[in-house]
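Participant: Count along the sequence shown from 1, add 4, and you get the number used in our numbering.
For glycine and all other residues, C-beta sits at the position ideal for the given N, C-alpha and C.
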Amino acid sequence: MNRSRMIALGAILTTLTTVTTAIIQIPIPQTKGYINFGDMLVIFSGLLLGPYLGFFAGGVGSALADILTGYGNWAPFTLVIKGLEGFIVGVFAKKGRKIALLGAICGGLEMVIGYFMIEYFLYGTGAALAELPGNIMQATVGIIFGTSVYQIIHRGLKRT
5 MNRSRMIALG
15 AILTTLTTVT
25 TAIIQIPIPQ
35 TKGYINFGDM
45 LVIFSGLLLG
55 PYLGFFAGGV
65 GSALADILTG
75 YGNWAPFTLV
85 IKGLEGFIVG
95 VFAKKGRKIA
105 LLGAICGGLE
115 MVIGYFMIEY
125 FLYGTGAALA
135 ELPGNIMQAT
145 VGIIFGTSVY
155 QIIHRGLKRT
């Protein structure tokens, strides 16, 4: 894929990540945070765009959603955690399609651990544990749908 197309796709996926994350939010009162369905686009971005644009689309897109929906205090953490998620997925994806699923799992795991650590330090063990099942569900849904959509889109891009 040429550079212009990659940059355009990066911008589109950053926007889609923001919108998807902002539209469906399930608040978690204990941490003043939320779970969402934007992870599927973070995973997809890493798979399609590679580590650097995967970091940008995942991190910036998710952090913008935090800012736009009143969770601005989480934006710096989200930028790093979701950015690393997209980066990790992208690193594995560059090594080949067969190892890409492992990358999606590692990226999802990084997201769960990253938020758990921040929640633990900010709010304590109880709050971090309260959000853990939601983050695991969010990562699982993101992995399943992100990799599935990638498989479909990747086949279509190969034909063009």
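1. Cβ of I156 within 8 angstroms of Cβ of I109?
2. Given 8 angstroms as the limit, is there contact between the segment 13–25 and the segment 54–72, that is, 3 or more CB pairs closer than that?
3. What are the boundary residues of the alpha helix (DSSP H) that includes P55?
4. Check this for me: beta carbons of L13 and L51, under 8 angstroms apart or not?
5. Within 10 angstroms of the Cβ of L94, are there 16 or more other Cβ atoms? Answer buried if so, exposed if not.
6. Given this structure, state the Cα-to-Cα distance separating T21 from S49, to the nearest angstrom.
7. Which residue from L161, R159 and F149 puts its Cα closest to that of G42?
8. The alpha helix (DSSP H) spanning P31 covers which residue range?
9. Helix, strand or coil: which one does DSSP assign to N6?
10. Excluding five sequence neighbours on each side, which residues of the same chain lie with their C-beta closer than 6 angstroms to the C-beta of G63?
Facilitator: Answer, in terms of the structure:
1. Locating residue 156 in the sequence shown gives position 152, counting from the first residue. Locating residue 109 in the sequence shown gives position 105, counting from the first residue. Not in contact: I156 and I109 (Cβ atoms no closer than 8 angstroms).
2. yes
3. Residue numbering aside, residue 55 sits at position 51 when the sequence shown is read from its first letter. From DSSP, the alpha helix (DSSP H) with P55 extends over P55 to L72.
4. Taking the sequence shown and counting its residues from 1, one reaches residue 13 at position 9. Taking the sequence shown and counting its residues from 1, one reaches residue 51 at position 47. Not in contact: L13 and L51 (Cβ atoms no closer than 8 angstroms).
5. Locating residue 94 in the sequence shown gives position 90, counting from the first residue. Checking the sequence shown, residue 94 turns out to be Gly, not Leu. Buried: at least 16 other Cβ atoms inside 10 Å.
6. In the sequence shown, residue 21 corresponds to position 17, counting from 1. In the sequence shown, residue 49 corresponds to position 45, counting from 1. Those two C-alpha atoms are separated by around 9 angstroms.
7. The sequence position of residue 42 within the sequence shown is 38, counting from 1. Cα-wise, what sits closest to G42 is F149.
8. Here residue 31 corresponds to residue number 27 of the sequence shown, with the count starting at 1. From DSSP, P31 is part of no alpha helix (DSSP H) but of the beta strand (DSSP E) over Q29 to I32.
9. Locating residue 6 in the sequence shown gives position 2, where the first residue counts as 1. Reduced to three states, the DSSP call for N6 is coil.
10. For the purposes of this step, residue 63 is taken as residue 59 along the sequence shown, with counting starting at 1. Closer than 6 angstroms at Cβ, skipping near neighbours: L83, K86 and G87.
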